[in-house]
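According to the numbering used here, the sequence shown is numbered sequentially starting from 158. Yeah, the Cβ is synthetic: ideal placement off N, Cα and C, and Gly gets one too. Take a look at the structure set out below.
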Amino acid sequence: MKTFLIDLKKCVGCYACQIGCKDEHCGNCWKPYAEEQPETGQFWMKVNEYERGHRPHVKVAYIPTPCQHCAEAPCMDAAKDGAVYRRADGLVIIDPAKAKGQKAIVNACPYGVVYWNDVLDIPQKCTGCAHLIDEGDTITVPRCFDNCVHGAITWGDEEELDLEGAERLCPEYGTAPRVWYKNLPKKFIAGRVHDPVAKEVVIGATVTATGEAGTFTATTNWIGDFWLRNLPDADWTVTIEKDGKKVAIETSTKIEDKGLGEIALA
Ligand code: SF4
Ligand code: SF4
């Protein structure tokens, strides 16, 4: 079975995978796997950009998101007349002829990677560049993989890829995706600590987040900043201590990353 492995630590958000997908599919009709991808409104390989935290403690995460080629694909269940099928190599394909008029296929995908083509009256999505793989021509891999010069995208036989530590995107959807990710962003809490009397940032303060999910520590750096990284989604008490001074803050990473801003160590 073929699978994608996307390492977000190597992804710089250059969008070359998205552009490669456009170059391959816009203006090209790869029947029986796909009609042309429209130039606007559809991104079969979409680089989703997430701004996390609060100013000035902000990070951006890029998550390239194609069809996840799920082993238990609800789009297949929603399709009539076998309009969505799985190839022997695992790629999930929408048959453009059979899928005409079947908008239910768009709504069935929890990942939101199926697009509706109003002009052709069909649902469309990533084919895993099945036409290239079949042809055995010069490029025999998906174009997004071929275009990623940073090595963030790997594609190949599942048993040959190094999937140690890899995770699925939104496993709670229960669709057993065949796209795996490494270094999916975990939550952080950040802040900047200052001494209001000395009117200086506090360097070397110990910052501890405690909660039911565990204990995490960090130290403020040369500009008084701390970053508590790789936190689980949970409620936290963050304590900041130095030279007998101490402050405690209640916060949570259940919904989002937290930038706590300026904190006075009084
Ligand atoms: S081409 Fe590679 S580095 Fe660039 S956005 Fe896509 S996955 Fe990330
Ligand atoms: S990601 Fe969506 S379209 Fe792709 S196989 Fe899974 S359910 Fe179907």
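Residue i and residue j closer than 8 Å at C-beta
i    : j    : result
C301 : C183 : no
D382 : R349 : yes
G422 : D319 : The question names Gly, but residue 422 in the sequence shown is Leu. For L422 and D319, no; Cβs fall outside 8 Å.
C283 : E181 : no
A391 : A370 : yes
I377 : A362 : The sequence as given places Thr at residue 377; Ile does not occur at that position. For T377 and A362, yes; Cβs fall inside 8 Å.
A230 : Q259 : no
C178 : C232 : no
I290 : P253 : no
K159 : W337 : no
R209 : P342 : yes
V204 : Y219 : yes
D164 : K339 : yes
I406 : W379 : no
E206 : L277 : no
Y272 : G198 : yes
Contact test: residue i Cβ vs ligand 1 heavy atom, cutoff 7 Å
i    : result
V169 : yes
I310 : yes
C266 : no
Y338 : no
V204 : yes
C183 : no
Y330 : no
P436 : Residue 436 is absent from the structure shown; the chain starts at 158 and stops at 423.
A261 : no
Y172 : yes
H211 : no
Y207 : no
N304 : yes
H214 : no
Backbone CA spacing between residue i and residue j [nearest angstrom]
i    : j    : result
A309 : Q281 : 25 Å
I176 : V395 : 43 Å
Q194 : R386 : 39 Å
F161 : E324 : 12 Å
K257 : T374 : 55 Å
F345 : K255 : 46 Å
M202 : P221 : 7 Å
E140 : E317 : There is simply no residue 140 to check, as the chain begins at 158 and stops at 423 in what is shown.
H307 : W393 : 36 Å
C171 : V364 : 34 Å
R243 : P328 : 20 Å
C168 : D275 : 33 Å
V249 : P189 : 13 Å
T410 : V263 : 32 Å
V106 : T372 : No answer is possible for residue 106: the residues shown for the chain start at 158 and end at 423.
D234 : G331 : 14 Å
G322 : D246 : 23 Å
Proximity test, residue i beta-carbon vs ligand 2 heavy atom, cut-off 7 Å
i    : result
V298 : no
A230 : yes
C224 : yes
K282 : yes
V489 : Examination of residue 489 is not possible in this model, given that the chain is present from 158 through 423 alone.
C227 : yes
V270 : yes
V217 : no
Exercise. Which full runs of the alpha helix (DSSP H) of 4+ residues lie inside the segment 259-321, going along the chain?
Worked result: Entirely contained in the segment 259-321, the alpha helix (DSSP H) runs reaching 4 residues are, in chain order, 261-265, 287-292 and 300-304.
Problem set entry | Touching by the beta-carbon criterion (3+ pairs, under 8 Å), the segment 302-314 and the segment 225-245 | Output reads no: the segment 225-245 does not touch the segment 302-314.
Exercise. Is there contact between the segment 206-224 and the segment 404-419, where contact requires at least three CB pairs shorter than 8 Å?
Worked result: Yes, the segment 206-224 is in contact with the segment 404-419.
Exercise. Which runs of the beta strand (DSSP E) spanning at least 3 residues fall entirely within the segment 195-242, listed in chain order?
Worked result: The qualifying runs are 202-211 and 214-223.
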